[in-house]
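J.:
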Amino acid sequence: MSDVIVYSIVSLSLLGVLAALILYIIAQKFKVIEDPRIDLVEQELPGANCGGCAMPGCRAFAEQLVKADDISDLNCPVATNENMAAIAKILGKEIAEKEPLVAVVRCNGTPEFRPKTNHYDGASECSIAHSLYVGESGCPSGCLGLGDCVRVCNFDAIHMDEKTGLPVVIDDKCTACNACVVACPRDIIELRKKNKKDRKIFVSCINEEKGGVARKNCKVACIGCGRCVKECPFEAITLENNLAYIDPFKCRLCRKCAPVCPTNAILEINFPPRKEKKEKEGTPAGEK
Amino acid sequence: MSKLITVSPSPHMHGKDNVKKLMYWVILALLPAFLVSVIFFGIGALIVTAVSIVACVGFEYLIQKYLMKVKPTISDGSAAVTGLLLAFNLPTNIPVWIILIGALVAIGVGKMSFGGLGNNPFNPALVGRVFLLISFPVQMTSWPEPVVSRTQYADAVTGPTPLAIIKEGISDGIPVSELMGQIPGYFDLFIGRMHGSMGEIGALALIIGGIILLARKVITWHIPVSILATIFVFTGILWGANPEANADPIFHILTGGVLLGAIFMATDYATSPMTPKGMWIYGIGIGIITVVIRIWGAYPEGVSFAILIMNAFVPILNKYIKPKRFGEEVQNG
Amino acid sequence: MNQAKNFTKGFVRENPVFILMLGLCPALGTTTSAFNGFGMGMATLFVVLMSNIVVSIFKDFIPNKVRIPSYIVIIASFVTITDLVMEAFMGALHAELGLFIPLIVVNCFVLGRAEAFASKNTLFSSVVDGVGMGLAFTMALTMLGASRELLGANAIFGLQLIEGDGMLVFILAPGAFIALGYLIALMNKLKKD
Amino acid sequence: MLKTFPKGGIHPAEYKITAGKPIEVLPVPKTAIIPVSQHLGAPSTPVVKKGDTVKAGQLIAKSSAFVSANIHSSVSGKVVKIDNVTDTSGYRKTSVIIEVEGDEWDEKIDTGKTLKKEFGLSGEEIIKKTEEAGIVGLGGATFPSHIKLSVPKGKKAEVLIINGAECEPYLTSDHRLMLEKGDELMVGTKLLMKALGVEKAMIGIENNKPDAVEHLTSLAVNYKGISVHPLKVMYPQGAEKQLIKSLINREVPSGGLPIDVGTVVHNVGTAVAVYEAVQKNKPLVERLVTISGKSLKNPGNFMVRIGTPVSELIEAAGGLPEDTGKVINGGPMMGKALNTIEVPVTKGTSGILVFPENESKREEVQNCIRCARCVSICPMALEPYLLKAASERGMWEIVENDKALDCMECGSCSYICPSRLPLLDYIRLGKSNVSRIIRSRKQ
Amino acid sequence: MVLTLFVVTLVASTSLALIYEVTKEPIRLAALERKNNAIMQVVPEFNNMPNEEEFTIEVPGGELVLYPARMDGELVGVAIETFTRRGYSGTIELMVGLLPDGTIHGIEVLRHAETPGLGDKIETDKSDFYKQFVGRNPGDFTMKLRQDNGEIDGITATTITSRAYCEAVQLAYDVFIEKGDLK
Amino acid sequence: MEYIVIVIGAVLVNNIVLAQFLGLCPLFGVSSKISTAAGMGGAVLFVMTVASIVTYLLSNFLLEPFNLMYLQTITYILVISSLVQMVEIILKKVSPPLYQALGIFLPLMTTNCAILGVAILVFQQDLTLLQGVVFAIAHSIGFTLAIILLAGIREHMDLLDIPKGMKGNPIIMVTAGLLALAFMGFAGIV
Ligand SMILES: Cc1cc2nc3c(=O)[nH]c(=O)nc-3n(C[C@H](O)[C@H](O)[C@H](O)COP(=O)(O)O)c2cc1C
Ligand SMILES: Cc1cc2nc3c(=O)[nH]c(=O)nc-3n(C[C@H](O)[C@H](O)[C@H](O)COP(=O)(O)O)c2cc1C
Ligand SMILES: Cc1cc2nc3c(=O)[nH]c(=O)nc-3n(C[C@H](O)[C@H](O)[C@H](O)COP(=O)(O)O)c2cc1C
Ligand SMILES: Cc1cc2nc3c(=O)[nH]c(=O)nc-3n(C[C@H](O)[C@H](O)[C@H](O)CO)c2cc1C
Ligand code: SF4
Ligand code: SF4
Ligand code: SF4
Ligand code: SF4
Ligand code: FES
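Residue numbers (the numbering used here), protein chains in the order written: chain P, 9 to 296; chain E, 32 to 364; chain C, 1191 to 1383; chain X, 2 to 444; chain S, 211 to 393; chain U, 928 to 1117.
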């Protein structure tokens, strides 16, 4: 064996041992008590320290994961899905099994039902138009149609229907993230229980004005007449401030309320067609 | 009333200036310098300018229409300004295919990749120019002789710019006084009878253009003045220290792209700071880097690089140098 | 895991260079020509493969505390081996790649594979992963090298297509970034389709 | 050199078409619609009910909070309804609707024209009367005037500033008021000085009204402590903070009030209203409104009862022109476009502008070219381009740190932008979000 | 923990040392062969072992290595490993072959870091620049660029590299003339 | 003078990231905000300097005397990774604020080509210890300059609408390219 080999083995091994020893001693001496989960999470992470997560290193990312309430949009480009699942398990942060929800747009004021009375020419944002005035129709609660909700959706689950000027939610894509609900300045969008076959039955109006006023501005407004309340066998409908509301968790989709509404403000979607009656007027083009 | 009335947030009145007008004023202000080039470089100036403008506008149109799929906005004139300024930065005997590459880089890489008008962090025309300078050093550094009323395009007689003569000479240890004999006199430098890129030669014409822009309030004075003053002072100090190894400040101002850069290119809105204080720092930075490159660098000319380098600092200047807010620091008397 | 998918994932979907943006230094520093890019890619492939193998065999014997240092030593050994072998038998390429051969050791992509994959998977999976990812890396570097060579020197794999020089920028640093930028854009588009 | 503020400002075309038109009195309307919220602050509470008969000048809604103001009937007649009616804000608000019968005034009120110069009241009494009369700032913000007059403890007013700048294009009501009610203005100013306990008052007038400057200067010699100052024509010369800077060279600190620098600003109309309230017991039931527009047949300056529908005012000015595209309540820079002309004139209505169709639509928007014009003209030295971009992307931290809340919505930035960006639209959005965030932080 | 790391490093160092031993010779040979190839390119045919007769000469800034090439003991040429530090990007190393009378027989570039596409044209397979030197005796002509009043056409846009190249060759020639008594 | 040449060369002319392609992963990974970019710069400055000193001593007193240069890669990386870990542990205990500012970037250093690259270059270029230190400091300043400029432009781009296809990594690459293009102007200064 030549010298070089001996030297190599000796020096490298010594160096390795030395490094390990020094590290061990220092680690003991300078121990800092931290959330033990950070270590666990860090072990699950790839440890590539590549900065791909936009954090300065895996440990920082682990800390962020431990701290964050919602880890769904923290992402490590190197880790596999299994890694992330394991981390979620450590942190116990997977979203608890909830009743599936879906966003529902509660305005049916298409141009035919709700004529334009003026022309809006400001920046194309619902929030700006909303803070300015009632909107292009006379309804102070109706959809402004400028698509704030569409812009905030990260899942392409909501789009504007060209014809009706109203947003349409694609149930399969919607993750019920609540972004659009927050974005809508008029609180038109609601997360409702997701029923079988995406069936929905709801009052598609949130106007709280008196019946006459509301109806003057929009033919399909809820006028607060209370007929649906009386009709509902399950007491799922309440009437407050001239507005009927169907509780999605009490409603059993019996469809009795819809036909009695004089303004067709109650929409039923994805149901088989009614036998006796012909197509209802109030169904929006986009949601048939 | 049958029509619908319009509702919009205030204000309900609007000023008269718009982007298009501003851009056409820049083009107008560049015309005197363009005429000087036509006089001294003849047909070459016409061809280079025409090709460059058509290519820039054309690429912008094609990219917007087919790649970005948005409505083309070429009529705002900004692509034409870029084309014109790119042409101003090229020798007038450059092969047409090189101009096309330069235009594609200027518009495609320098501007549209960032989203077009106003979004680009770097001056598109200079991106195009520097890209060409580094890619085709031979073609980009042979300038045709300035002779009145030339008619052929690719002229055989080429020569170095005054700056190159001085730089080469100084590095060979020849005293400046001797070198000055090899370059045109100050009057010629002033009217533009020298070797150089198409638009950088006519100092007088460029100054007239600058006055037009200032008078029309298209640009403010801060950037041009700070650049010129810095270059003047810096080269003045060097010259004062050793007049035989350094050219005088007037020479530095009149030659190369200093005036073109200071008046037309450093002032490009998208790539210059938003506040007067920021503009000063930006201008001084350009001045210093220009001189450093001219005196110590590999290139005889440094304005293009200096502007691009300072472009990179602009976001930081905008972030940390804010206007003094009204009521921020109360000094009541 | 489906081995075919395991093998192909790196080419587009999880491409280390275009999508994950890892190992960028060699990706840009060595790709002045298609051949150099290919050479660097193969050198990296060798290191990834070998370290994946070793790590996946010995994963159970290495305690967690010294996991990273041990992996680094393992990788560094294979890098040194590559370095020595290339110097001995491929002198010209070794000279071209220069500093970037020893730097394979800090290429986060290599460590990432060992950590994220080999330390948790079977030998066979790790081999497939190593070869797949290594080839993907090679492909990326070769593509980048080829496009830079094509634009910068009018040539491909040293074969002159048009007489004369190309756009020199692409051989130099700025062109490397720009070429990679547009290649990534292209890849993103492919990934979507 | 004329006085002006040092930073920013623009000079839009003035179009003071009605400057030469003397004040006309608009006939009493058939029905008056009087919203209970015509001021900044909480709406007042109605004190009449359906079926009541009221006289002009009678209290019909009472101030309900600290920042709020009394509302008086502007006509005599019968209350037919208390209902939600669209007002100038574009939303339906509680209003008292009165069917007019005759024109009978509350007996306490002196409706004569004779000038009453002398007064023996104390400051407190003046403030009390101002409060009772429901006087709010007539310069646009409709902030209840008595609050501004009650100087908080620890602060001291040194000088009263009377705002006669009228820097908005088109509007001429303050101009006419200064010409035709100069003496009332002077007495009103003296009353305000007394209320504030100051010895000095300065009237600032933009120099495009030389006749008003001259007239008031000649009157001022008879009133001790009042001086008149011509100002450079520069929008927004009339904005409170800018006016203070121009006249006494003090800067109201960010988030502060004029009183922080020892001054209070009142509009000329407010001063006249205070005169009438104190000397004649007349509450704020009518105001001077400029109605103007390039295609109006008979533009003018009208004395209008509060509650008169805008449509009647337009009829008086020659009817709505065929080419109408937009109707604005207020000036072109800060006014609010109406979505219907069936809304009542309120205390804050300084003008009604009728814009032809071709001037009503905004032009096409382009990318921000970063020309820095908006930065250089912003009188508050803000960076509108940045605030807009940040608001658009919901980056509220930037919006807050870069002082969006200092923006006074003068509209100069949107006016000047060569790319036609709706800067102010987004800045408003940013302001409202930042205020919301700050409020929730405090809780 | 320490033990594991010890074992890992032990295994690593042992295997590395072994590989090193194995590759040491090939690496040395490869380097030698590159040098010999260069020598062969630049001098006429020889049958001695020039690298065994090599000797160095100190010059300012470094040293030149001279490899005498002999045919049956007769000196047929000298390969000189010369350099210049005035390249565009640092040092350029050349192997210059001179005939006994000083005529340049051939030039090879051993190492340089000039810009690809510009300065790298000094490489023999990239342009004909070197041919201007071959077959000429620096004693008979001014081995400088035209702009320096010489007879060499520089590579376009690459004045600095071309000038440096001339200098390196000149240095080899000067040393050869001065100390080149090799017979 | 010699040191000035080293500094200007390293910061402007042969900028470590823009011209030499070292340390690109952190350049792109940690440049989304100016503040983090500055923190990263500080951490690089510290580690690069210390690492260069330690590896200098290692090569000159152990590896070269015993003819072990072929172990350069493996020993350097071992030394750097333990050094980084050591500093991190100590910093966390001794100065939590400093740890928050710089320490959190430390783990990134082990896989940063720039650190190992500069350590190797110090040896390859035959520098003295002092020159090596200046060399390392200058290179880290060059790194910091580049990353801060890039972060500035990236923050600026957050307020713009970058076209869909270019959004994210592509445009950052192109921006870095244009930055490198601008820096070519410094060519030849030293
Ligand atoms: C919430 C609020 C409180 C105010 N408090 C006072 C005050 O205590 N004293 C005062 O003199 N003015 C007060 N003001 C009035 C302002 O100084 C100012 O005159 C008013 O907002 C109208 O100004 P503008 O038309 O320039 O916006 C207050 C205004 C607001 C909005
Ligand atoms: C941009 C802007 C312009 C203004 N212009 C005027 C004006 O021309 N005349 C005026 O009296 N008030 C104007 N104001 C309102 C004043 O700032 C201030 O509110 C008013 O003078 C206070 O008096 P008041 O409470 O009696 O209305 C303006 C406000 C702003 C924000
Ligand atoms: C990126 C770049 C690389 C360069 N590479 C070289 C080179 O390798 N060799 C060289 O002599 N000059 C090089 N230069 C310098 C310029 O080409 C310089 O203009 C030239 O050396 C002198 O000009 P001339 O040959 O046209 O007289 C380079 C310049 C740049 C910007
Ligand atoms: C005063 C002024 C100077 C300009 N300078 C340039 C320039 O130097 N280069 C350029 O490409 N475009 C220039 N433009 C045109 C335009 O602003 C430019 O293309 C934008 O950078 C595109 O975003 C200029 C425009 C103006 C108004
Ligand atoms: S924003 Fe969220 S809740 Fe709304 S439609 Fe999209 S996914 Fe559904
Ligand atoms: S639902 Fe709300 S956010 Fe969506 S377009 Fe209508 S008003 Fe706007
Ligand atoms: S004025 Fe308009 S274009 Fe100019 S910087 Fe401001 S927002 Fe941008
Ligand atoms: S509206 Fe606000 S931001 Fe715009 S100029 Fe006026 S004060 Fe400045
Ligand atoms: S490959 Fe160089 S830092 Fe990642």
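Where a beta carbon is used, it is the ideal one built from N, C-alpha and C, also for glycine.
(1) Quick check on the burial criterion: 16 or more other C-beta atoms within 10 angstroms. Buried or exposed for Gln906/U?
(2) Go through its chain and collect everything with a Cβ distance to Asp261/X's Cβ below 8 Å, but skip five positions before and after it.
(3) By a C-beta neighbour count over all protein chains shown, 10 Å radius and 16 as the cutoff for buried, is Val97/X buried or exposed?
(4) With burial defined as no fewer than 16 other Cβ atoms inside 10 Å of the residue's Cβ, what is the status of Cys262/P: buried or exposed?
(5) Could you compute how far the alpha carbon of Thr1234/C sits from the alpha carbon of Thr1270/C?
(6) Let me check you understand the geometry: is the CB of Asp407/X closer than 8 Å to at least one non-hydrogen atom of ligand 2?
(7) Is any non-hydrogen atom of ligand 2 found closer than 8 Å to the C-beta of Pro237/X, if you look at the structure I gave you?
(8) With a threshold of 9 Å between beta-carbons, can Arg394/X be considered close to chain U, or not?
(9) For Val232/S and Ser223/S, I'd like the C-alpha separation in whole angstroms.
(10) Under a CB-based cut-off of 9 Å, is Leu274/S close to chain U?
(11) If you drop the 5 nearest sequence neighbours on each side, which residues of the same chain put their C-beta closer than 7 Å to that of Gln444/X?
(12) On a Cα-Cα basis, can you pick out the residue from Gly78/X, His12/X and Pro259/X that is closest to Met235/X?
(13) Could you give the distance in angstroms between the alpha-carbon of Leu1212/C and the alpha-carbon of Phe1299/C?
(14) Determine which residues of the region 356–380 of chain S have a Cβ less than 9 Å from any Cβ of chain E, and write them out in chain order.
(15) Give the range of the beta strand (DSSP E) segment to which Asn85/X is assigned.
(16) Looking at Gly138/X and ligand 2, is the gap between the Cβ and the nearest heavy atom below 8 Å?
(17) Could you spell out the range, first to last residue, of the alpha helix (DSSP H) harbouring Met1377/C?
(18) Going straight from the alpha carbon of Gly969/U to that of Thr976/U, what length do you get?
(19) Evaluate Pro333/X with the Cβ neighbour count: other Cβ atoms within 10 Å of its Cβ, from every protein chain shown; 16 or more gives buried, anything less gives exposed.
(20) Look at the alpha carbon of His1284/C and the alpha carbon of Ser392/X, and state the distance between them as a whole number of angstroms.
(21) Counting only Cβ pairs nearer than 8 Å, list the residues of chain U close to Thr1328/C.
(22) In its own chain, which residues sit with a C-beta less than 7 Å from the C-beta of Ser247/X, not counting the 5 before and 5 after it?
(23) Any C-beta of chain E sitting closer than 9 Å to the C-beta of Leu215/S?
(24) Return the Cβ separation of Leu172/X and Gly319/X in integer angstroms, given the expectation that the two are a contact with Cβ distance under 8 Å.
(25) According to DSSP, which residues form a beta bridge with Glu388/S?
(26) Would you call the region 322–332 of chain E and the region 141–152 of chain E in contact, with 3 or more CB pairs under 8 Å?
(27) Could you check what DSSP says for Asn302/X in three-state terms: helix, strand or coil?
(28) When the Cα of Glu25/X is compared with those of Glu364/X, Ser436/X, Thr291/X and Ala240/X, which residue comes out closest?
(29) Can you tell me whether Asn1096/U is buried or exposed? The criterion is at least 16 other CB atoms within 10 Å of its CB, across all chains shown.
(30) Taking Glu364/X as the reference, which of Lys82/X, Glu119/X, Arg288/X and Tyr416/X has the closest Cα?
T.: Short version:
(1) Because chain U here runs from 928 to 1117, residue 906/U falls outside it and cannot be looked at.
(2) Lys156, Val253 and Pro254
(3) buried
(4) exposed
(5) 12 Å
(6) no
(7) yes
(8) yes
(9) 14 Å
(10) no
(11) none
(12) His12/X
(13) 6 Å
(14) Gln357, Asp358, Thr366, Ala367, Thr368, Thr369 and Ile370
(15) Gly78 to Thr87
(16) yes
(17) Ala1363 to Lys1382
(18) 11 Å
(19) buried
(20) 54 Å
(21) Going along chain U, no residue has its Cβ under 8 Å from Thr1328/C, so there is no contact; the nearest lies around 18 Å.
(22) Lys4, Thr5, Phe6, Gly205, Leu232 and Gln238
(23) no
(24) Contact flag wrong, Cβ pair sits at about 18 Å.
(25) Paired residue(s): none; Glu388/S is not in a bridge.
(26) no
(27) strand
(28) Thr291/X
(29) buried
(30) Tyr416/X
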